[in-house]
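Reading through the C-alpha cells given below for one structure.
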Amino acid sequence: MPSYRNVALAMFLTLHGALGFGLRTSSLASSASLRRTMSKATTTAIYSTAEATESEKKTPIKNEEAYNKVKMEDIVSLCKRRGIIFPSSEIYNGFAGFFDYGPLGSELKKNVKDNFWRHFVQRREDVVGIDSSIIHNPTTWQSSGHLDGFSDPMVDCKETKLRYRADQLFCAPVTVEECGTTVGFVCVLEANDEDMVKAAKKQAKKLLKESDRKGQAIQPFAFKDLTQVSEEEMGQIPSPGSGKPTLTMPRDFNLMFQTNVGAMQDGSSVAYLRPETAQGIFINYKNVIGTSRQKLPFGIAQIGKAFRNEITPRNFIFRSREFEQMEIEYFIPPGDDVWQPFHEKWIADSKAFLETVGLREDLMGYDVHEGDGLAHYARACTDITFKFPFGEQELMGIAARGNFDLTSHTEGSGKTLDYFDEETKEKFIPHVIEPSLGVDRLILALICSAYAEDEVNGEKRNYLSFHPSIAPVKVSVLPLVKNKEPLVKAARELFEKLQMRWNVQWDQTGAIGRRYRRADEIGVPFCVTVDFETIEDDGAVTIRDRDTTEQVRIPMDEVVPYLSKMIDGY
Ligand code: GAP
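Residues -20 to -1, 1 to 550 in mature numbering (1 follows the signal peptide of the UniProt record, and there is no 0) are what the sequence shown lists, from first letter to last.
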C-alpha cells in the first residue's frame, strides 16, 4: 500500500498551548529566506533611464507579511483571473477534483516538468527516463497491492448522502470544565488548527445552549479522527452534513478509477487508470536494464498523469482526482547498511531541487514517518512539507521501499526482476529509493511561495516573484511608444529574436508604469524597453528586474547573453 495512505494523521489539538500537529516530527528548515539562486549577470549597466530610476524606488519585499495574510480564495481567484488554472468543465458548472491549466498555467507546468527532467535526468549520468502507458495490464495492480489495499476510510452521511474521508473528519467531546459532564460531540473537517478550533467552538456553543449551560467554560478540545471512534461514540457524533448523528462507521473505499478495454463491458475487460507512475517504472525495469547499460546504483524517472478517485478532493489542486507525478525509482544494492546514505542523499537532492525552482526555504519542513505511519514494506519515509495557507502538508515523499515492488512483480509475472553484478558475480533483486513529487502540488506551492507584495512609488504592488526558470513568461518587450515606426520595428526585431529562445510577450499599450505592473502581476522577471535613444543615440535598451525594480541599460546585441545568464544561469 503506498506509504502516503499510512501516514497517521491522528491529530490532537487543544485550545491551550501550541495548536500543533501532535504526532509530527517535522521541523521547519532554517529561516534563511530563499531568493534567487542564480548568479548575477556580468554585463555592466551603461546608464539607467531617467524615467525609470526616478519613478521606481522600492521598499524591501514584504513577502512573509503578504503570505501570512493570504487565503486560499486569493490564490484560486488569482489563478483564474490571470489564466493560470481554471475549474474543469466550468461551462457545465465544473467537475469536482478536476482542473484545467490556462495559457500561463500550461507554460508554468511545462517549465516545472522541464526543470525536474533537466535536474534529475539530463544532468545526471545515473538516471534515465521512460514514458509508460497510463493503462497497464490489470495484473500490475494485483501485484503492486493497489487492488487490495489502495483505499481510504470513508464515512457516509445517511441523511444527506454526502461522503467524507474518515481520517479528515475530527470529533471531540464537549465537556463542561466545572462538573466534567459531556454535553455532546463536535465534528469538524480537517483544516488549519485555528479554523478547526473556531468551527468546533461554534458547535460547542450551540450544544451548551441546548443543555441550559450557556456561557459555561469547557475543557480543551481533544480531537481524534473518525477512524479512531467506537460505534457508541459514532452514535453521538454529528454529521457535518445533517448536524445529527447520521454517519456510518468507516469502511474502505478503493481509489482506483476503473475502465473497460475493448468492446466487451464485462469483468474480463476491466482495467484501471494508473494511480501512480511508479508501477510503470517497475514493470519496465528489465527493459531499461537490457537497453541502457546502466549499472547499480541507477534510477529510472517518469513524469505523467495519475488518477485517484479521491473521496474529498480538497484545497484546489492540492488534492485532485487527475494530477501529474514526477517520480524516480533509484535502484541500489540490497543490505541493511546500504540504503540509509542513499535515502539521506535523495532527501538532500530533492530539497535542493525545490530550492532551485524558487520554493521558499522558510516554508519547507520535514515529516519523518515512524511506526504506524510507515508502510509495512518501507524501511523509511521522509516527506518534504510545505506551509500552504491551509496548513503544513506533504509536498513530496522520499521513501526507502526495500525490494517490495520488484519482488511482487517477480511473483506476479513469473519473470525474475533481478540484477547481475558483474564484479561479484552475484544475482539479487535490488532495493529502491523512491522520490515522488506531484507536479500540481508543487505548482500550488510555487504560486504560494511567489505571492509577494511591496510598495513602489508609494503604491501597493502585488506580484508573483517566480524564479526565472519557471516563470511562464520570461520577458516582456515594451516599445516606449506605438506610433514611431523605427522604434516599433527595432522592438519587434528584438521580440522575434527573444521568441526563438523563450516564451516572451509583446506589450505596447498604456503608460510604461502600467505595463510594468501588468508584467509583475503574472511574474514576468524582466521587462525590456526600447525607447527613442535606442534608435537615435546609443542602440541600447533598458532591462528592468521585477523583484528589485532596478534597471540597467545594455546594448542590443548583449540582451540575449544577459538574459540567458539571468534566466538559464549560463
Ligand atoms: N509512488 C508513491 C506515491 O504515489 P504518494 O504519497 O501517494 O506516493 C506522491 O504520492 C506525491 O504525489 C505526493 O507527495 C503529492 O505531491 C502527489 N499527490 C498524491 N496524491 C495527489 C492528489 N490526489 N492530487 C495531487 N497530488 C497528489
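For every residue, glycine included, the Cβ atom is placed at its ideal position computed from N, Cα and C.
Does the distance from the CB of residue i to the CB of residue j come in under 9 Å?
i, j, result
"G483", "V510", "One detail in the question is off: residue 483 reads as Asn in this sequence, not Gly. In this structure, V510 does not lie closer than 9 Å to N483 by Cβ."
"L206", "K138", "no"
"F278", "D106", "yes"
"Y81", "C428", "no"
"S68", "F78", "yes"
"V154", "V166", "yes"
"I409", "Y399", "yes"
"C507", "V539", "no"
"L253", "F298", "no"
"L417", "G377", "yes"
"G371", "N117", "no"
"G260", "Q282", "yes"
"V92", "P230", "no"
"M546", "G519", "no"
"H356", "A380", "no"
"S393", "T140", "no"
"A358", "Q320", "no"
"L426", "F262", "no"
"T365", "E374", "yes"
"S112", "T257", "yes"
"Q488", "K469", "no"
"V216", "V108", "The sequence as given places Gln at residue 216; Val does not occur at that position. Against a cut-off of 9 Å, the Cβ pair of V108 and Q216 comes out as no contact."
"T514", "L478", "no"
"residue 586", "F296", "Because the chain here runs from -20 to 550, residue 586 falls outside it and cannot be looked at."
"L474", "V521", "yes"
"Q196", "V156", "yes"
For residue i, verify whether its CB is less than 8 Å away from any heavy atom of the ligand ZN.
i, result
"Q305", "With respect to small molecules bound, the structure shown includes the ligand GAP and not the ligand ZN."
In the DSSP assignment, what residue or residues form a beta bridge with residue i?
i, result
"D363", "D347 and G377"
"S112", "DSSP lists no partner for S112."
"P535", "A520"
"N442", "E433"
"T155", "T162"
"P133", "D232"
"V209", "Bridge partners of V209: none, in fact."
"P314", "In DSSP, P314 forms no bridge with anything."
"P415", "I378"
"I308", "A281"
"E406", "D401"
"E372", "K367"
"F322", "The partner list for F322 (beta bridge, DSSP) is empty, contrary to what the question assumes."
"V540", "According to DSSP, V540 bridges with nothing at all."
"L169", "L149"
"F79", "P67"
"Y144", "V135"
"V457", "W486 and V508"
"K178", "K178 pairs with nothing; no bridge assigned."
"K204", "C151"
"I547", "I547 is not bridged to any residue."
"I198", "V156"
Problem set entry | Minimum length 3: unbroken beta strand (DSSP E) runs contained in the stretch 227 to 306 | 231 to 234, 238 to 240, 250 to 252 and 278 to 287
Exercise. Taking three-plus beta-carbon pairs below 8 Å as touching, is the stretch 333 to 348 in contact with the stretch 79 to 98?
Worked result: yes
Exercise. Using 8 Å as the Cβ pair cut-off and three pairs as the minimum, do the stretch 303 to 310 and the stretch 416 to 423 touch?
Worked result: yes
Exercise. Pairing CB atoms from the stretch 201 to 221 with CB atoms from the stretch 169 to 181, are three or more of them under 8 Å?
Worked result: yes
For this session: Please determine if the stretch 142 to 150 and the stretch 287 to 301 are in contact, where contact requires at least 3 C-beta pairs separated by less than 8 Å.
Result: yes
Exercise. Should the stretch 245 to 256 be called in touch with the stretch 63 to 83, which here means at least 3 C-beta pairs below 8 Å?
Worked result: no
Problem set entry | alpha helix (DSSP H) runs contained entirely in the stretch 50 to 77, provided each spans 4 or more residues | 52 to 61
For this session: Mind the definition here: the stretch 521 to 539 touches the stretch 434 to 453 only if three or more C-beta pairs lie below 8 Å; say whether that holds.
Result: yes
Problem set entry | Three-pair Cβ contact test at 8 Å for the stretch 189 to 199 versus the stretch 115 to 134 | no
Exercise. Do the stretch 433 to 447 and the stretch 347 to 354 touch if we need at least three Cβ pairs shorter than 8 Å?
Worked result: no
Problem set entry | Validate contact between the stretch 322 to 329 and the stretch 428 to 440 using beta carbons, cut 8 Å, 3 pairs | no
Exercise. Which ranges would you report for the alpha helix (DSSP H) in the stretch 482 to 514 if only whole runs of at least 4 residues count?
Worked result: 492 to 501
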